[in-house]
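Undergrad: Quick one: this structure, given as structure tokens, is what I'll be asking you about.
Protein chains in written order, with UniProt numbering: chain A, 1 to 152; chain B, 1 to 268.
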């Protein structure tokens, strides 16, 4: 093989983005494989297709089988649309208005508190874990707040 | 599907509108995907506009406004057509809504990208991340159980509330398995996301977790699922990455922990 120029360490934006149809093809292929894998899980342990797909894409990126420039543009675009993509799910509540009419207040109160409980419990447990790392195991807890580089 | 023109209350203009919505007498839905897509776009854009002119009032979050306005429009149209909202939703809105809904699949996968961008944090903190998610969710389950008990929910109601940390696709079958009502669970999972998207920043400040990007990200991902991850990304790259990993890990945690917990407290 001819000698190639040395790879830059963390410059994801250097290469021009792959054509959008190629990026769509990559996403479609991952989705297809994920749906096959998702079907292998028993009904008692459901793991939905998109979660499997997230793991697959992460593994492909982490093993450098895929590069950021091959998925970044479509991925960031889809993420920017998330709130809109969720509108049909929100409107889905219209199908269950009868449940809300009978026990809506109860459900709403528990849902609201549960959302806050989940957020606070996980965040505070993390705080404790990081405190343990710092004070008991004397580990380094400094993180670069906004290095938008490629994780090595 | 229900053929809406079959209802006698419907006027001729209603038949015209019904044809436009694709809910014609043949009962087929050919073409009516347009209505669902159009309505979703319009209500969301109105939400964005309201959010902008109110300078970011939290109740005018585009997602929340879109959801409420959308349901309102469907309820009014259903009334005009002389049918109930649920039926009208299924025949007129759902075909278009499903097309938009499908794109949540690739959008969820896309969160691998912000996750990978902060692989440095993942690699260094993975023990803390895993332990926090497992322990934090378990503590939350106990609290949710007692809150549900305290407001007087029956066993079906409680079982419907427990799996809500997972995304809908996981929470619904788990809910059914432990004796809950999957429809309630799905609704609660959706409302979680709406609440986090509207109140996420405020809650983070209120509980003083904004100085802690890893904790904030994991919390938002757990409580708000994929939409929570989008919110977390707005706060910073670490938060977004942590929320993405939370969505994945919580899926497995809920799969395993919730059925065991339900058994322990004797729900089923």
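Ideal placement from N, C-alpha and C gives every residue a C-beta, glycine not left out.
Taking 8 Å as the threshold, find out whether the region 149-163 of chain B comes into contact with the region 223-242 of chain B through three or more Cβ pairs.
TA: At 8 Å Cβ cutoff, the stretches do not touch.
Undergrad: Residue 133 of chain A versus chain B: which residues are under 9 Å apart at the beta carbon?
TA: Those are 125, 127 and 128, listed as they occur along chain B.
Undergrad: Within 10 angstroms of its Cβ, does residue 129 of chain A collect 16 or more other Cβ (buried), or is it exposed?
TA: That one is buried.
Undergrad: Of all the CB atoms in chain A, is at least one closer than 8 Å to the CB of residue 255 of chain B?
TA: Judged by the 8 Å Cβ criterion, residue 255 of chain B is in contact with chain A.
Undergrad: With 16 other CB atoms within 10 Å as the buried threshold, where does residue 127 of chain A fall?
TA: Residue 127 of chain A is buried by the Cβ-count criterion.
Undergrad: Determine, using beta carbons only, whether residue 27 of chain B comes closer than 8 Å to chain A.
TA: Low local confidence applies: a pLDDT of 43 at residue 27 of chain B is under 50, so the model's placement there is unreliable, with the coordinate-based value given in what follows. Chain A contact via Cβ: absent.
Undergrad: Please return the same chain residues whose Cβ sits closer than 6 Å to the Cβ of residue 17 of chain A, not counting the five positions on each side in sequence.
TA: Hits under 6 Å: 69 and 73.
Undergrad: If we define contact as Cβ-Cβ less than 8 Å, is residue 33 of chain A a contact residue for chain B?
TA: Chain B, which has no Cβ nearer than 8 Å to the Cβ of residue 33 of chain A, makes this no.
Undergrad: Chain A partners of residue 139 of chain B, CB-CB under 8 Å?
TA: Correct list: 121 and 125.
Undergrad: Among A/103, A/45 and A/66, whose alpha-carbon lies nearest the alpha-carbon of residue 183 of chain B?
TA: Taking only the C-alpha atoms, the option nearest residue 183 of chain B is A/103.
Undergrad: Looking at the C-beta of residue 40 of chain A, does it have a partner C-beta in chain B at a distance below 8 Å?
TA: Judged by the 8 Å Cβ criterion, residue 40 of chain A is not in contact with chain B.
Undergrad: Are the region 98-112 of chain B and the region 115-123 of chain A touching, with three or more C-beta to C-beta distances below 8 Å?
TA: These segments do not touch.
Undergrad: Closer than 9 Å, Cβ to Cβ, to anything on chain B: give me those residues from the region 53-81 of chain A, in chain order.
TA: If the cut-off is 9 Å between Cβ atoms, the region 53-81 of chain A has 53, 54, 55, 56, 57, 58, 59, 60, 61, 62, 68, 71, 72, 74, 75, 76, 77, 78, 79, 80 and 81 near chain B.
Undergrad: I'd like to know if the region 16-36 of chain A and the region 73-92 of chain B are in contact, where contact means that at least 3 CB-CB pairs between them fall below 8 Å.
TA: Taking 8 Å as the limit for Cβ pairs, the verdict is that the region 73-92 of chain B does not touch the region 16-36 of chain A.
Undergrad: Note the first and the last residue of the continuous alpha helix (DSSP H) segment covering residue 197 of chain B.
TA: Unbroken alpha helix (DSSP H) run through residue 197 of chain B: 182-206.
Undergrad: If we ignore side chains and look at the alpha-carbon of each, how far apart do residue 78 of chain A and residue 173 of chain B end up?
TA: Answer to the nearest angstrom: the Cα atoms are 27 Å apart.
Undergrad: Only counting the same chain, and skipping five residues up and downstream in sequence, which positions put a Cβ closer than 8 Å to that of residue 179 of chain B?
TA: Only 155, 156, 159, 262, 267 and 268 meet the Cβ criterion.
Undergrad: Using the beta-carbon count (16 or more within 10 Å), is residue 125 of chain B buried or exposed?
TA: Per the 10 Å Cβ criterion, buried.
Undergrad: Could you tell me how far apart the beta carbons of residue 67 of chain B and residue 194 of chain B are, in whole angstroms, since I believe they sit closer than 8 Å?
TA: Right, their Cβ atoms sit about 6 Å apart.
Undergrad: Assign residue 123 of chain B to one of two classes, buried (16 or more other C-beta atoms within 10 Å of its C-beta) or exposed (fewer than that).
TA: The residue in question, residue 123 of chain B, is exposed, as its Cβ has fewer than 16 Cβ neighbours within 10 Å.
Undergrad: Comparing the C-beta of residue 51 of chain A with each C-beta of chain B, is any distance below 8 Å?
TA: Interface residue, yes.
Undergrad: Is it buried or exposed, residue 32 of chain B, if we count other Cβ atoms within 10 angstroms and call 16 or more buried?
TA: Result: buried.
Undergrad: Report the CB separation of residue 57 of chain A from residue 109 of chain B in whole angstroms; it is logged as a contact under 8 Å.
TA: 5 Å between Cβ atoms; contact.
Undergrad: Report all residues from its chain with a CB closer than 7 Å to the CB of residue 97 of chain A; omit the five preceding and five following residues, and keep chain order.
TA: Cβ within range, chain order: n/a, list empty.
Undergrad: With a Cβ-Cβ cutoff of 8 Å, do residue 244 of chain B and residue 54 of chain A count as a contact?
TA: It is a contact, given that the beta carbons lie within the stated cut-off.
Undergrad: Find out if the Cβ-Cβ distance for the pair residue 165 of chain B, residue 140 of chain B is shorter than 8 Å.
TA: Yes.
Undergrad: Against chain B, with Cβ distances strictly below 8 Å, would residue 97 of chain A count as a contact?
TA: Closer than 8 Å: yes.
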